[in-house]
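Comments concern the structure below.
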Amino acid sequence: NIDLSDLQGVVFDNPLSEYSGAGVIFGRTGGVIEAATRTALESITGKRIDNIEFSSLRGWEGFRSCELNVGDINLKIGVAHGLKEAGKMLDKIREGEEFYHAIEIMACNGGCIGGGGQPKPKKRQETIIKRGEGLNK
Numbered sequence: 010n011i012d013l014s015d016l017q018g019v020v021f022d023n024p025l026s027e028y029s030g031a032g033v034i035f036g037r038t039g040g041v042i043e044a045a046t047r048t049a050l051e052s053i054t055g056k057r058i059d060n061i062e063f064s065s066l067r068g069w070e071g072f073r074s075c076e077l078n079v080g081d082i083n084l085k086i087g088v089a090h091g092l093k094e095a096g097k098m099l100d101k102i103r104e105g106e107e108f109y110h111a112i113e114i115m116a117c118n119g120g121c122i123g124g125g126g127q128p129k130p131k132k133r134q135e136t137i138i139k140r141g142e143g144l145n146k
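Plus 9 on top of the position in the sequence shown (first one is 1) and you've got our numbering.
Okay, here's the thing in structure tokens:
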């Protein structure tokens, strides 16, 4: 028998090395497009850009958009999570009501943090929001 309360703590090995901040935010809605946009802008400008305002991409509305202005580059980005909301965004694009330079669609509500492989919480939306906020820290 092993008494878990008697075990000494140890530092775990790190077989997959370090990860980027972008790797952390991939799990929540808006995280993939935030990372891709930052990488694209840094590639285009050849400079590290630290002051991009992504707060409008970090919301919990099912379908949202924002305009980013970095120097003389202006981008319109769309984000949808949940397939119903993705359908709304794609309909607006097809009908010519909206134009985006880039879009992110995540099938699961809230992104991967609300996906099918996650335990089913009693307070689903509250739990998804807390998981997403944890990824932003």
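Using N, Cα and C, we set each Cβ at its ideal position, and we do this for glycine too.
How many whole angstroms separate the CB atoms of residue i and residue j, which I take to be in contact at a CB cut-off of 8 Å?
i      : j      : result
Gly120 : Gly36  : 6 Å
Phe72  : Glu94  : 4 Å
Glu113 : Val41  : 5 Å
Glu43  : Ile34  : 6 Å
Ala116 : Ala45  : Not confirmed; about 18 Å, so no contact.
Ile137 : Tyr109 : That belief does not hold up - the Cβ atoms of Ile137 and Tyr109 are roughly 24 Å apart, past 8 Å.
Arg133 : Ile122 : No, Arg133 and Ile122 are not in contact; Cβ-Cβ is about 11 Å, not under 8 Å.
Name the DSSP bridge partner or partners of residue i?
i      : result
Asn118 : None, per the DSSP bridge assignment.
Ile112 : Gly87
For the beta strand (DSSP E) containing residue i, name the first residue and the last one.
i     : result
Glu76 : Phe72 to Val79
Val19 : Taken as a continuous stretch (DSSP letters only), Val19 belongs to no beta strand (DSSP E), as it is neither H nor E.
Within 10 Å of its beta-carbon, does residue i have 16 or more other beta-carbons around it, so buried, or fewer, so exposed?
i     : result
Leu16 : exposed
Leu66 : buried
Leu77 : buried
Arg57 : exposed
Arg47 : buried
Asn83 : exposed
Glu70 : exposed
Val88 : buried
Ile11 : exposed
Asn60 : exposed
Asn23 : exposed
At what residues does the alpha helix (DSSP H) containing residue i begin and finish?
i     : result
Lys85 : From DSSP, Lys85 is part of no alpha helix (DSSP H) but of the beta strand (DSSP E) over Ile82 to His90.
Ile53 : Gly40 to Thr54
Ile34 : Gly30 to Ile34
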